[in-house]
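S.K.: These protein sequence lines map, in sequence, to chains A and B. Our numbering puts the first residue of the first sequence at 35, with every later residue one more than the last. Our numbering puts the first residue of the second sequence at 159, with every later residue one more than the last. Where a beta carbon is used, it is the ideal one built from N, C-alpha and C, also for glycine. For clarity, every value in this text was computed on a predicted model and none was experimentally measured.
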Amino acid sequence: MGRKFNLFVLCVCLLAAGSIAISASTDQKAPPLTRLNVQVLGPQRLGPLPPVIVPPGNPQSSAKIHLGKELYFDARLSADGTVSCATCHNPALGWSDEGPTSKGIHGQLGGRRAPPVSNAAYAPLQFWDGRSPSLEDQAKGPIQNPIEMGNTHQAMIQTIDRISGYIEEFREVFGEGPITVDQVADAIAAFERTVVTTDSKFDRYARGDHQALTALEKEGLEIFNGKGHCTSCHWGPYFSDGRFHNLGVPAKDPKNPDKGRYDVTKDPRDMGAFKTPTVRDAARRAPYLHDGSEKTLESLIDFYDRGGGKDANLDPLMVPLGLAKHEKTALVAFIKALDSLNPEVADVKPIAPGDFHK
Amino acid sequence: MKKILSVTLGLVFVLLAFSQAALAIPAFARKYGYNCNNCHVAFPKLNDWGQRFRDNGYQTPGQAGYEKTVFETGIPIALRTNAGYSMYDGGEGMVSGFHLYNLDLLAAGVLHKNISFLFVYTPRVDEPAADFTGPGNGDNPAQLAAIESANVVFSNIIRDKLNLRVGRFEPGFQLLSSKRNYYILQPFEFYGFVGSRNGFDFSANHIGVEATGRFKPGLKYALGFINGSGANPDNNRFADLYFALSKTFGKGEGQSAGQRFGVFGYLGWQPADPGAPILSPLGDAAGLDNKTFYRLGGDISLNWKTLNLQAMAFRGVDDMAFNDLDPTTDYAFWGGVAQLDCACLANNRLVGSLMYNWVRPPSADSIGKIDAYSALVRYYLGSWSAVNVALHAEYTHRLVGSVLPFKEDLFTLLLDFDF
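Structure representation (structure tokens):
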């Protein structure tokens, strides 16, 4: 009895030690998304966004933000002068595009939908697969993507170098010296950090204005935070965990499915997983999901209500919800209450072609 | 009738007054900021998400490693209690009165990635039991002091295929959880049925170790070694063994979606002599006095929209050494339950349920037969983040014995409160 008991205790201790060892070894090879750059689980209450964190290497200034806005809307950053950041991240379309996936230079279609720029400053990682750690790094990517802006960084700089107005502005913002791609990215990122929601019906409610939400919207909030399990992933002020989940979205090309986060981490657990987008301003940027396969908020909620799609790597957070029709209606109403009332998010006018530097 | 009305109005008044003051929140919901329906169809019944959360060692499914530990969050303490008014008729006229039915103090949380714990303490409640059998003098309290749960969970030892639960826990052979059922006063009769001298209590939490895991798609197992329970601390030389296997068709866990089918088996040893000294390494180390018993059964849980039909039944067989009524044969009985739940209104504010319990003892046992018909309605007064206040009405008509059965009726209106 004593020997058996000791053996049993030993086994339990070994298993426990193994568990700790496994977790420790996992931490060592963690992908870029770590406890350090994303809020760990709990508390994760919904609420107003905190002030944007500005990286020390790229402080904000009004001149830099203005320059960034000009660059953001300037199609001359692309190879043939037809595609700007705003082409796919259009303020009038919820800082995304009409989809279902984004159209780049020469009418080429990308495989994914443009993620929203609004409130992207709060995302720990950028792009649907999180391959970029910052707005600055992200801003450089589409310029040289052959199916987005189709340019090279060198050619883009040469273009800017020929525009006297830009030369002056870069000098004012960054000082003397040649214009660099990092400066372009810093300016665009600085502008993007101003596209944040500080005011919405929900934010007013969260700050104590109990009349800010209608009864239906309040009911939607309850379901969002309860039976709908929305806050499992869309939590916190940013309404996103910044992580990656496989929702079982059917592949458009089953022989060549989009591997999502797996392409970055090569971790089989990330196969088919995509970053959780914020729900803020979601009502303004249909269609939905990384491939734009759900055309409306209603069809998107139906998709979740079914527990997502079928996939061998389906996220365990995905379960059928059993939502009644009126509960879905309430959810849609609440999501619409997350639309930004900030003019810098909801009412940004593109720079007219004639107003760009010559 | 006037009395009932006044009591009801009084309770509603207290509830409404109380609900305004309810600020505290249960441990998990407080940690995440969810409201209760994130994990519960309606408190306390788990939904599929909540079941996965429990299976994953009280960590968000698929998110182990991102959890804040109890050292980084507030004190993970929660409380559940219910109090109300009961009317009981056992054939000698109706008696009625207010009762405090139970009180649970819970603590739970994550200690380290993939290591978590659950602790539930139930203090002694020296109040008359709901059926008025307790005199309230301490001989038959409404609740005994006990450590209902005290266990540590080691999760994801081999991904989701092996987890270990060590300590006192709700074992996996209880395919339907009696702890997280809507019914507060009416138990699963067959869980607690004791017809022979074998004092094993199927419904109890047990001490031991349990391995659990899942295999895709929807196949879950549990294997355990536990002390069992009985007439004495059951420190015999044999640990009781059990297994449980369930398969859910469709998405979900069978709690609120998917169709689940499960089987289980339990093999135990108990001392047959009720007067035997406490068995210990110093006592009957050979375990010669131990005799076997087993339980073998299955369950289903079927879901359609907001309806959930769950049923479970088992065959219980105790060695003839336990059978005082007919010592020449084993004491064999059947028991089971069928329960139909419906959750409706926004965020499942309103719950209705019908339940039928039955126990069929051997023919020699004329007083063991049980039929119990129950119904309940629960209305949740709010959908707050991690506070639950439910107005709960429950009725049971119970028949005991096969010849001139003893009839009981129990109606209760109570407040179920946890934070």
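In three-state DSSP terms, what is A:L382?
M.R.: Note that residue 382 of chain A corresponds to Val in the displayed sequence, not to Leu. Here A:V382 sits in coil by DSSP.
S.K.: Please classify A:D131 as buried or exposed, where buried requires at least 16 other C-beta atoms within 10 Å of its C-beta.
M.R.: Looking at its Cβ environment, which holds 16 or more other Cβ atoms inside 10 Å, A:D131 is buried.
S.K.: Please report the distance separating the alpha-carbon of A:L355 from that of B:Y192.
M.R.: The straight-line gap from Cα to Cα measures roughly 15 Å.
S.K.: Mapping the DSSP letters down to three states, classify B:A304 as helix, strand or coil.
M.R.: Residue state, collapsed to three classes: strand.
S.K.: Output needed for B:Y553: all residues of its chain with C-beta closer than 8 Å, excluding positions within five of it in sequence on either side, in chain order.
M.R.: Answer for B:Y553: S532, A533, L534, D567, L568, F569, T570, listed in chain order.
S.K.: Got a sec: is the Cβ-Cβ distance from B:A504 to anything in chain A below 8 Å?
M.R.: Cβ-Cβ to chain A under 8 Å: yes for B:A504.
S.K.: To be precise: take each residue of the segment 303 to 315 of chain A, compare its Cβ to all Cβ atoms of chain B, and keep it if any distance is under 7 Å. Which residues remain?
M.R.: Against chain B - using a Cβ distance shorter than 7 Å - the segment 303 to 315 of chain A contributes no residues.
S.K.: Between B:T218 and chain A, is any beta-carbon pair separated by less than 8 Å?
M.R.: By this cut-off, B:T218 is an interface position.
S.K.: A:T186: buried (16+ other C-beta within 10 angstroms of its C-beta) or exposed?
M.R.: Result: exposed.
S.K.: Near A:Q94, which residues of its chain fall below 7 Å by C-beta distance, leaving aside the five closest residues on each side in sequence?
M.R.: Cβ within range, chain order: V88, A224, R227.
S.K.: Taking Cβ to Cβ, would you say A:T232 is nearer than 8 Å to A:L83?
M.R.: Yes; because the gap between Cβ atoms is below 8 Å, this pair is in contact.
S.K.: For B:N205 and B:D574, which I take to be in contact (beta-carbon distance under 8 Å), what is that distance rounded to the nearest angstrom?
M.R.: At roughly 18 Å, the Cβ-Cβ gap does not stay under 8 Å, so B:N205 and B:D574 are not in contact.
S.K.: Do you know whose CA, among A:A148, A:G254, A:K286, lies nearest A:A358's CA?
M.R.: Looking at the Cα atoms, A:G254 is the closest of the given residues.
S.K.: Classify A:W269 as buried or exposed, calling it buried when 16 or more other Cβ atoms lie within 10 Å of its own Cβ.
M.R.: A:W269 comes out buried.
S.K.: Tell me which same chain residues have a C-beta within less than 8 Å of the C-beta of A:K63, skipping the five on either side of it?
M.R.: Low local confidence applies: a pLDDT of 34 at A:K63 is under 50, so the model's placement there is unreliable, and no value is given.
S.K.: Considering only C-alpha positions, which residue in the set B:C197, B:F419, B:R507 is nearest to B:S456?
M.R.: A small correction: the amino acid at residue 456 of chain B is Gly; Ser does not occupy that position in the sequence shown. Nearest of B:C197, B:F419, B:R507 to B:G456, Cα basis: B:F419.
S.K.: Given this structure, state the Cα-to-Cα distance separating B:G158 from B:Y452, to the nearest angstrom.
M.R.: What the structure shows of chain B is the stretch from 159 to 577, and residue 158 of chain B is not part of that stretch, so it cannot be assessed.
S.K.: Of all the CB atoms in chain A, is at least one closer than 8 Å to the CB of B:T464?
M.R.: Chain A, which has a Cβ nearer than 8 Å to the Cβ of B:T464, makes this yes.
S.K.: Let me make sure I understand the geometry here. Which of A:P387, A:Q178, A:L351, A:S118 has the alpha-carbon closest to that of A:R277?
M.R.: The option with the nearest alpha carbon to A:R277 is A:L351.
S.K.: If the cut is a Cβ gap below 8 Å, which residues of chain E does A:R165 touch?
M.R.: Protein chains A and B are contained in the structure displayed, whereas chain E is not.
S.K.: Is A:F274 close to chain B? Criterion is C-beta to C-beta, closer than 8 Å.
M.R.: It is worth fixing the name first, because residue 274 of chain A is Ser in this sequence and not Phe. So no, A:S274 is outside the interface.
S.K.: Which residues, in order along the segment 323 to 353 of chain A, keep a beta-carbon less than 7 Å from a beta-carbon of chain B?
M.R.: If the cut-off is 7 Å between Cβ atoms, the segment 323 to 353 of chain A has G341, D349, P350, L351, V353 near chain B.
S.K.: Can you find a C-beta in chain B that's less than 8 Å from the C-beta of A:T265?
M.R.: Yes - at least one Cβ of chain B is within 8 Å of the one on A:T265.
S.K.: Taking the alpha-carbon positions, what's the A:S152 to A:G282 distance?
M.R.: Going from the Cα of A:S152 to the Cα of A:G282 covers about 26 Å.
S.K.: Is it a yes or a no for the segment 231 to 246 of chain B touching the segment 318 to 334 of chain B, going by three-plus beta-carbon pairs under 8 Å?
M.R.: Contact fails: fewer than three Cβ-Cβ distances are below 8 Å.
S.K.: In chain A, which residues lie less than 8 Å from B:W207 when you measure between Cβ atoms?
M.R.: H263, S266, L351, V353, listed in chain order.
S.K.: Within the 8 Å Cβ cut-off, does A:A320 reach chain B?
M.R.: It does not: the Cβ of A:A320 has no partner Cβ on chain B nearer than 8 Å.
S.K.: Quick check on the DSSP output: what are the complete alpha helix (DSSP H) runs of length 4 or more inside the segment 321 to 364 of chain A, in order along the chain?
M.R.: You should have 331 to 339.
S.K.: Closest by CA to A:P384, which one among A:G133, A:A120, A:P302, A:D325?
M.R.: A:P384 has its Cα closest to that of A:A120, out of A:G133, A:A120, A:P302, A:D325.
S.K.: Using 8 Å as the limit for Cβ to Cβ distance, is B:C414 near chain A?
M.R.: Residue identity check: residue 414 of chain B is Ser in the sequence provided, not Cys. Closer than 8 Å to some Cβ of chain A, the Cβ of B:S414 qualifies, so yes.
S.K.: Just the chain A side, please: which residues come within less than 7 Å of B:K409 by C-beta, in chain order?
M.R.: Those are G341, V353, P354, listed as they occur along chain A.
S.K.: Go to B:R212, then tell me how far its alpha helix (DSSP H) extends in each direction, as first and last residue.
M.R.: From DSSP, the alpha helix (DSSP H) with B:R212 extends over 206 to 213.
S.K.: Check whether the Cβ atoms of B:P234 and B:A265 lie closer than 8 Å to each other.
M.R.: Yes; because the gap between Cβ atoms is below 8 Å, this pair is in contact.
S.K.: Is the beta carbon of A:L80 sitting closer than 8 Å to the one on A:N259?
M.R.: Against a cut-off of 8 Å, the Cβ pair of A:N259 and A:L80 comes out as a contact.
S.K.: In whole angstroms, what separates the C-alpha of A:Y106 from that of A:R295?
M.R.: Cα to Cα, A:Y106 sits roughly 26 Å from A:R295.
S.K.: How is B:D523 classed by DSSP in three states: helix, strand or coil?
M.R.: Residue state, collapsed to three classes: coil.
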